[in-house]
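In the UniProt record's numbering, the protein residues as written are 1 to 1269. Notes follow once the structure below has been shown.
Here's what the structure looks like:
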């Protein structure tokens, strides 16, 4: 075969226009010597008149072939061609960059939604696929904005086509199958769409194949997509003229299907539920005939799915129950469980070549699923002692392996793990087992028909438990190298038998599997196959081959650090509990009644559209989803609330936040040589070593993870998880980070950065390297290490860090970390208070996020701590210094938490020393400030603005739902004060700053707020009461407010967000944000609510008011459903919450190797760059994005030991076009007072982000008289 030139689709015009380029069908093949499949045809135009004949045709087709053609369906030819046109646009009209942004989370989530790009699957012999597809899921099509922009005008056309196909084809075909199986008509359709309106999450796909080269085709035997069955219920393919689809017919031969009709075939799920009566036939795609090689093969597919949560059990018909065979004997997987597991593992399996047979094994260590497929098919079974074999009970568990040449005897296998870790293999033989399939003689006399090792003891050895070997590797070596070679061919049925003494399935399975692969490859390189087996099945074996009494939690008890897989196994060992689900969801649903922003989520305004969702629909979905474990349920709730991107409103299940995953490769975004890229943090060795030997030993011990993590420090990252590095960061920001409404701020949360933790400097590992809900065991990077110019792919393991309450086994883990405690729910404060004369201080309102990725408190390494002497008032959460110019004071406000009074005294002490030292400028660092006490944010604003400014906060409201109104009325009736409840009127002031009397009901009358078409009753607007303060506040500003500036990474949340917004809206304070993804905006604030209530706070309000009988139930598990209780309203637009006001910083800088984890270097640079930007001493040019061939950072650039001062940055020389030849020059975005970006000559900039070039040295003398911008 010669190499061919691929003829692309002809797409003309602007893909954003609604004039869709029309698809032109390629000509059919003229080849005459092709074997065509004799597939039956069903004419649906006869559905109402000759249904009995159609039933017979369907019955024969599905039991014989598993495929049939459909004609007379009523879908217009123009409609079908239009779908091909849209599909053509999906591939040729969408840029590669946008495709990457919509890449499907296949391995991570078991979902095809979005693009599956080329080179993801291996066909064979190292050849990757040339297949690309774009996928819609029926229940996740909306909103339109989630799809690539060129496709958005046609999303409604896709929805209409799916609806038409479901009604005109799927529903009718399912009804015919109902009759075939003896079911009531409509039964199968009701499993796809029920009376409650639930529908299966059908997958609709556009798919395109690029031909293989001649060399590639020779290595794959012309196969482009390996033989497989579909995972769903019913599949519909729209025929097109490229001849490439082959079907494995009953006689064992591959034959082509013919064009001209819809092609229908049965998937795994319907085959399982029919007990094997309906055939899920294997099919594949090969190179087309020579006269079609120049064309790309475009396909349109509809994969119908059952409703999620339906068990894959036998259908309730006499025919199925008597003639079919039960597939899953113990815990029956559900439709969505099977789908997700198969999607995650499909196409990524390794192909082990035998002389006559190709064996594909698919291993997913997280789900412990193995599927073995071939033609002839392989069968793998593990029987428990209660299983029937050869008509009798077998006394011992054992493994069996068989090669069955007859394709009708295919076997499907799915592994299920029970709570105690027991492993069971289930099989489906398609005729019934008479005595034992071991007795079926193979048609190939040179191959074994079955291989059997009983789980007993090694013959001839007195003892051989797996524990005698020093490691798994040693055991594998012993079994594969010695015992497998000693096996002798049996005579009866070609069976090998070898009694074994060790009763645990673990060692028996190792011996069986190793010997099996060794035997199959007896004519190939045995050493190679053993190595492949060890490296690819090690994790799976340790998961699935556990003895019956295995306790996964006992295995890691007492360990500070554990392998992520072991920690996940412990957390997944608790079965799903419906009582707990109802308790949790009832609680959450009622808490959301108080959530102030609920209606905003129905259609979040720009630029926050990513968070759009229907909260009540999400809760309903979770309530109807079928889960295997309590972990699965909590992960779903966790993801749902996390992706609201409001750190005030999240579900925190302590049971599953007891561990934090730590990846020894925290990432940062840095500008090097004028270009920004993602890097492994250069200080990662110094940083993570502070976790201690318990962490580092995991990588130093060969029997643990055996991974050299230190060599990765400073490496330039090209790809993460198979995606462009920044695109993967975007993905984590969208799915894992949460906390911040702005996507750009969440991007910065993904990266490692410095912060104040408690009262000391520390460093965040970031959301990528430190997630607190364990879901991954490793992450793959493509990177260029320091001291190298060559890219390499590295899989980096996660280590789970335990931060919970000590346990010894599964039961104590649950009791200590998962079950509700006395602190889980609220209390009635009236029991310990004298209501009428309570002199206690008011309860302090808080607005703070929970930064779960900072649970593991790691100090900032010593080389990066400020070398300046701290000024007075630096022992708490505020760290204050005077920069070397002696004119600028710095206050690093790490949070607004801690000691309420000390925060005020420290502020007074620091500013007093600044004034006595003749400091005239103030730089406030708010990096990673998660908020805290509301009144401390207002206090700091008041202190800087002076008492003469007036009220230092925002107008505020809360929701006035029926329960909220009951609480307030009950508080008023009982005379409760602000010492006991937040609802008490004396917490608040009228807008003229007069305190509300205890009898004032600010919820009556309620103010109706209309948001996204919904009316929501809210309270009347009020002010916070924060006075009197604990220290004297100056009457006038202690600094000229023009000389006050703020820097941060945008991770400034809650009270911090309110403080920075006040400084911006009321004083036009210059704010600079560091970091972010090049080309994407970053707000200067994260999530700006006005007050958060933890579940204990809300429950205490309810119980103290005495209205618990109509309130959410107490939680039965140790958890917290917090929520944003109050809204702060913007001064720029009093009809909008400040959370939904887009406010960009005046300046934007990249991090460099000098500033990303060095606060002092960052402050000195910010002072210089902001001052020079203000004075017009720099030039601004468009921001540079990373290029594919960007220069590799040299070794001296990224090692943390090479930290340099900004004063050592090489100064560039601007050219006529504004370019510069600088090294490491930082970027900045500058905005005028009106928020519009400006070039320094006063003209408007056309780029959203700007880059500073030229002189950036810290020249204190030159800028001494320049005010802060």
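Quick reminder that beta carbons are idealized off the backbone N, C-alpha and C, glycines included.
Buried or exposed for residue 1032, please, with buried defined as at least 16 other CB atoms from any protein chain shown within 10 angstroms of its CB. exposed
Taking contact to mean at least 3 C-beta pairs separated by less than 8 Å, is the stretch 257–274 in contact with the stretch 195–210? no
Considering Cα atoms alone, identify which of 81, 588, 180 and 104 is closest to residue 51. 180
Could you give the DSSP three-state label for residue 224: helix, strand or coil? strand
If the criterion is Cβ atoms closer than 9 Å, does the pair residue 868 and residue 1063 meet it? no
Evaluate contact between the stretch 974–984 and the stretch 608–623, counting only Cβ atoms and requiring at least three cross-stretch pairs below 8 Å. no
Since residue 340 contacts residue 200 with CB under 8 Å, what's their CB separation in whole angstroms? Residue 340 to residue 200, Cβ: 14 Å. No contact.
Could you work out which residue in 1012, 915 and 800 is closest to residue 872 when comparing CA atoms only? 915
Take the Cβ of residue 132 as the centre, count every other Cβ of all protein chains shown within 10 Å, and call the residue buried at 16 or more, exposed below. buried
Given residue 232 as reference, the closest of 613, 160, 194 and 170 once Cα atoms are compared: 170
Counting Cβ pairs, one atom from each stretch, are 3 or more of them under 8 Å apart for the stretch 882–893 and the stretch 1017–1025? no
Using a threshold of 9 Å, state whether the C-beta atoms of residue 767 and residue 717 are closer than that. no
Taking a contact to mean a Cβ-Cβ separation below 9 Å, would you say residue 102 touches residue 148 in this structure? yes
Is the number of C-beta pairs between the stretch 1045–1062 and the stretch 738–752 that are closer than 8 Å three or more? yes
Using the rule of at least 16 other Cβ atoms within 10 Å of the residue's Cβ for burial, across every protein chain shown, is residue 776 buried or exposed? buried
Just how far apart, CA to CA, sit residue 337 and residue 626? 9 Å
Residue 1026 by DSSP, collapsed to three states: which one? coil
Beta-carbon proximity list for residue 53, same chain, < 8 Å, skipping 5 on both sides: 46
Endpoints, beta strand (DSSP E) assigned at residue 232: From DSSP, residue 232 is part of no beta strand (DSSP E); its letter is neither H nor E.
Spatial distance of residue 19 from residue 249 (CA atoms): 43 Å
What are the complete beta strand (DSSP E) segments, minimum 3 residues, inside the stretch 636–708? 651–653, 659–662, 667–672 and 675–680
Residue 316, DSSP secondary structure in three states: coil
What span of residues does the beta strand (DSSP E) with residue 783 cover, start to end? 778–784
Look up residue 1123 in the DSSP assignment and say whether it is helix, strand or coil. strand
Which residues does DSSP list as the beta-bridge partners of residue 116? 133
On the CB-based measure, 16 or more other CB atoms within 10 Å of its CB, does residue 771 come out buried or exposed? buried
Distance, residue 142 Cα to residue 936 Cα: 42 Å
Determine the closest residue to residue 117 out of 138, 95 and 124, with distance taken between C-alpha atoms. 95
By the 10 Å Cβ neighbour count, where 16 or more other Cβ atoms means buried, how is residue 27 classified, buried or exposed? exposed
Three or more C-beta pairs below 8 Å linking the stretch 1058–1078 and the stretch 1135–1154: yes
What residue from 1142, 1172 and 795 has the CA that sits closest to residue 721's CA? 795
How many Å lie between residue 711 and residue 684 at the Cα? 10 Å
Pick from 645, 633 and 590 that is closest to residue 609, judged by C-alpha positions: 645
Leaving out five residues on either side along the sequence, give the residues of the same chain with a beta carbon under 7 Å from the beta carbon of residue 1036. 946 and 948
Can residue 1279 and residue 550 be called in contact, C-beta distance under 9 Å? Because residue 1279 is not part of the residues shown, which for the chain are 1 to 1269, the question remains open.
On the criterion of 16 or more Cβ atoms from any shown chain inside 10 Å, does residue 785 qualify as buried, or is it exposed? buried
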